[in-house]
Amino acid sequence: MKEKYGSKVFLGLLMVFFYLPILYMIVFSFNGSKSLSKFTGFSLRWYEQMFANKSMIEAIYYTVVIAILATIISTVVGTLASIGLSKSKKVLKTYVEQINNLPIMNPEIVTAIGLMLFFTTMKIEKGFITLLLAHIAFCIPYVMLSVSPRLRRLDPNLANAAMDLGATPSYALRKVIIPQLMPGIVAGALIAFTMSFDDFIISYFVSGNGIKNISILVYTMSKRINPSINALSTIIVVIITIVLIVVNLMSMKKTKTNKTGQRIGLAVVAACVGLTIFGLQKLRSNTGGDFDPIETYGCDTLNVFNAGEYIGEDTIAKFEKKYNVHVNYSLFASNEEMYTKLLSGESYDVLVPSDYMIEQLMQEDRLQKINLDHIKNYDALSPMVTGLDYDPKNEYSIPYFWGSVGIMYNKNKVSQEDLETEGFGILQNPKYKGRIFVYDSERDSFMMALKHLGYSMNTSNLDEINEAYEWLRDIRANDPVFVTDEVIDGMINGEKDIAVVYSGDATYIQMENPDMAYYEPLEGTNIWSDAMVIPKNSACPLLAEAYIDFNLDETIAYENSEYVGYTSSVQSVMDDLIAGEFKDLPSYLPRSGYDKDEIFKYNPKIRKVISELWVKVKAK
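Spelled out as structure tokens, the structure:
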């Protein structure tokens, strides 16, 4: 009796472990604020935002279309291959089966890189076709693995018996063999659909030109808190639950009298899928006017590569409507990730990298000059962000957002005197042990250490860098938690008292939690700048310049900055937001002209050294 009770308790805990996070996500998809841990009231705003977000709709559309096409093709090919293989010689059969198991047993990253190199070598432009081919390739082995066991259980003389009774080979295949294999075929198709719908790693390496699935979208949008992801995930969970219920009800009805009902059910499911694809296609379709972009700009599609959550909600839609074009809007999580994509052969028209990365791209001759005569709003830029060292004449880059790195702290628990006297050194103060977030960035972490030690953050002196390494190791004694963008929600909810953050994130945190404040240490910090650039292989440079100019329009720049929270490069927008919505948030306008502040410079040798040392810091 006790054993039975214990097993029930264990099963209950297991169910809670698996399903409580899903329930949590569903509840917070209806949250009135952005917080992922504090429910402020019921709202449908994130569902509305999801359906208004063209990038999300496109990701859903491509996910569904790719999954359906990959499932159909891989099921047909895998089934026919299994049937053909069953009639082959034993040596060939064993050899092919071992090859078929390789993609299943291989780490996905190996398959992903292999496919990426194949497409690059064959000079196949990455996009819808490469994504579909990759999904078909990794789905076929699962179909074969599902169909083959059913084939082994079949009487090998079944097809011959059918043909002896007058059936043609094709008729015997369709009416005798396939029906016997149907359970395995259906199981293989379901696995293929699930694998395709859920895939991230392979899809990430073989997609391009704005073609992305839901997994890639969620990964790139996780840079900052976006509850629309919760809304999207909730809808997926609901749809899958409904489909599973329908499939189970259909499988329970196996009698002949219910075959008509099953066919009707299948027809309804097919109709729903068709209507879903049609609806998504309509939602993602262009709504521009009669303006002909090809005549003016030579193209009607623009490929933009920007950081996640780094643009206003309606900016892309407004640009598409004004210029009657389609924007393939892709997202990256870091400058290094963006650079990797470029090296793999991806082609974009507009990038939004950071200062040091722009310098690297310029040195490698990967950027083309921007015709400033086409940037009508150039004069609206603030003098604080133009003429910077990495591009003194702004020939290759037009400023987008800028900011600083500083310390976010709880005004009620952290001494202002400690901050002013210790600066970044407060991270080593034992008084705050266990109450610290450190941003997981080798670049910014070494910047903190070097600045606190009185050195330039762009130093090439290895002794100074090793001293900074020892300083960072000493921080570990205070048990800091290394985080990335989860620091935002953590500080909003007061999980820690001190955090190293970017100024734009600090602005948002303070809006949600007034107990938090932002401090830029007196020993100096990183004043960074992100800018819009045009790669040398851009197929649409004139439209790219129109896009850059569009983002400098006062109205658009205001909407972008207000939504993102980072400091606009447009002077009038900065002035308006400082006097208005961000009036009491000094983090919105980083200090300027302070002689100890610096901008990162590109130095590949030092960057490699710092990367290796940062791994050791975190491994301690």
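Using the UniProt record's numbering, read the sequence shown as starting at 1 and increasing by one per residue.
The beta carbon of each residue, even a glycine, is placed where N, CA and C say it ideally should be.
Taking only three categories from DSSP, how would you classify residue i?
i: MET408; result: strand
i: THR525; result: coil
i: ASN53; result: coil
i: GLU495; result: coil
i: residue 622; result: No answer is possible for residue 622: the residues shown for the chain start at 1 and end at 620.
i: LEU589; result: coil
i: TYR432; result: helix
i: ASN328; result: strand
i: PHE118; result: helix
i: VAL237; result: helix
i: MET532; result: strand
i: PHE10; result: helix
i: LYS256; result: No answer about LYS256 holds up, because its pLDDT of 45 lies below 50 and its placement is not dependable.
i: PRO399; result: strand
i: LEU158; result: helix
i: THR386; result: coil
i: TYR439; result: strand
i: LEU44; result: coil
Using only the alpha-carbon positions, how far apart do residue i and residue j sit?
i: LEU543; j: LEU552; result: 14 Å
i: residue 622; j: PHE138; result: Past the boundaries of the shown model lies residue 622; the chain is included only from 1 to 620, so the question cannot be answered.
i: THR315; j: ASP365; result: 30 Å
i: TYR508; j: PHE39; result: 17 Å
i: ASP597; j: ILE527; result: 6 Å
i: GLN363; j: ILE245; result: 58 Å
i: ASP479; j: LEU472; result: 12 Å
i: TYR400; j: ALA499; result: 25 Å
i: VAL177; j: TRP46; result: With the sequence shown as reference, residue 177 is identified as Ile, and Val is not the correct amino acid for it. Spanning the two alpha carbons is a distance of roughly 49 Å.
i: residue 634; j: PHE437; result: Outside the modelled stretch of the chain, which goes from 1 to 620, sits residue 634, for which no answer is possible.
i: LYS605; j: GLY84; result: 56 Å
i: GLU464; j: GLU523; result: 16 Å
i: ILE136; j: LEU80; result: 14 Å
i: THR255; j: GLY184; result: Per-residue confidence for THR255 stands at a pLDDT of 46, beneath the threshold of 50, marking its modelled position as unreliable; no derived number is given.
i: ARG443; j: VAL481; result: 17 Å
i: VAL51; j: ALA59; result: It should be pointed out that residue 51 corresponds to Phe in this sequence rather than to Val. In a straight line, the C-alpha of PHE51 is about 12 Å away from that of ALA59.
i: PRO383; j: LYS393; result: 12 Å
i: MET447; j: PHE128; result: 41 Å
i: MET457; j: LEU450; result: 6 Å
i: ILE72; j: THR63; result: 14 Å
i: GLU562; j: ALA546; result: 22 Å
i: THR257; j: THR120; result: Caution is warranted here: a pLDDT of 45 is assigned to THR257, below 50, making its placement in the model unreliable, and the coordinate value is therefore given only provisionally. Roughly 54 Å separates the two Cα atoms.
i: GLY188; j: LYS89; result: 24 Å
i: GLU520; j: VAL405; result: 7 Å
i: TYR310; j: PRO514; result: 23 Å
i: TYR356; j: ALA506; result: 22 Å
i: ALA193; j: TYR142; result: Looking at the sequence shown, residue 193 is not Ala but Phe. So the alpha carbons of these two residues sit roughly 10 Å apart.
i: ASP389; j: GLU359; result: 9 Å
i: LEU13; j: VAL238; result: 23 Å
i: ASN493; j: SER33; result: 13 Å
Could you give the residue range of the beta strand (DSSP E) that holds residue i?
i: MET516; result: 516-519
i: VAL483; result: 481-483
Are the CB atoms of residue i and residue j nearer to each other than 8 Å?
i: SER460; j: ASN603; result: yes
i: THR586; j: TYR518; result: At residue 586 the sequence reads Pro, which differs from the Thr that was named. Yes. Within cutoff.
i: GLY565; j: GLY504; result: yes
i: SER344; j: MET116; result: yes
i: ARG152; j: LEU181; result: no
i: GLY308; j: ALA333; result: yes
i: ASN328; j: ASN303; result: yes
i: VAL206; j: ALA134; result: yes
Over the uninterrupted alpha helix (DSSP H) stretch that includes residue i, give me the two end residues.
i: VAL501; result: Premise fails: VAL501 lies in the beta strand (DSSP E), 498-502, not in any alpha helix (DSSP H).
i: PHE446; result: 442-452
i: ALA192; result: 178-198
i: ILE140; result: 128-153
i: PHE550; result: 541-551
i: THR301; result: Counting along the chain, THR301 falls outside any alpha helix (DSSP H), though it belongs to the beta strand (DSSP E) covering 301-307.
i: ARG476; result: Where ARG476 is concerned, there is no enclosing alpha helix (DSSP H), given that its DSSP letter is neither H nor E.
i: GLU320; result: 315-323
i: THR459; result: That residue, THR459, is in no alpha helix (DSSP H); it is neither H nor E in DSSP.
i: SER572; result: 571-579
i: LYS618; result: 604-619
i: TYR594; result: TYR594 -> no alpha helix (DSSP H), and no H or E assigned at all.
So is residue i in contact with chain D if we call contact Cβ pairs under 8 Å?
i: LYS341; result: Reference to chain D is not applicable here, since this structure consists of a single protein chain.
Sorry if obvious, but does the Cβ on residue i come closer than 7 Å to a heavy atom of the ligand MN?
i: TYR455; result: In the structure shown, the ligand MN is absent, as is every other ligand, since no ligand is present at all.
Cβ contact (3+ pairs, closer than 8 Å) linking the segment 99-114 and the segment 226-241: Not touching, per the Cβ criterion.
The segment 10-28 touching the segment 208-221, judged by at least three CB pairs closer than 8 Å: The segment 10-28 and the segment 208-221 do not touch, with fewer than 3 CB-CB distances between them shorter than 8 Å.
Segment contact flag, the segment 408-416 with the segment 317-329, C-beta cutoff 8 Å, min 3 pairs: Short answer: they don't touch.
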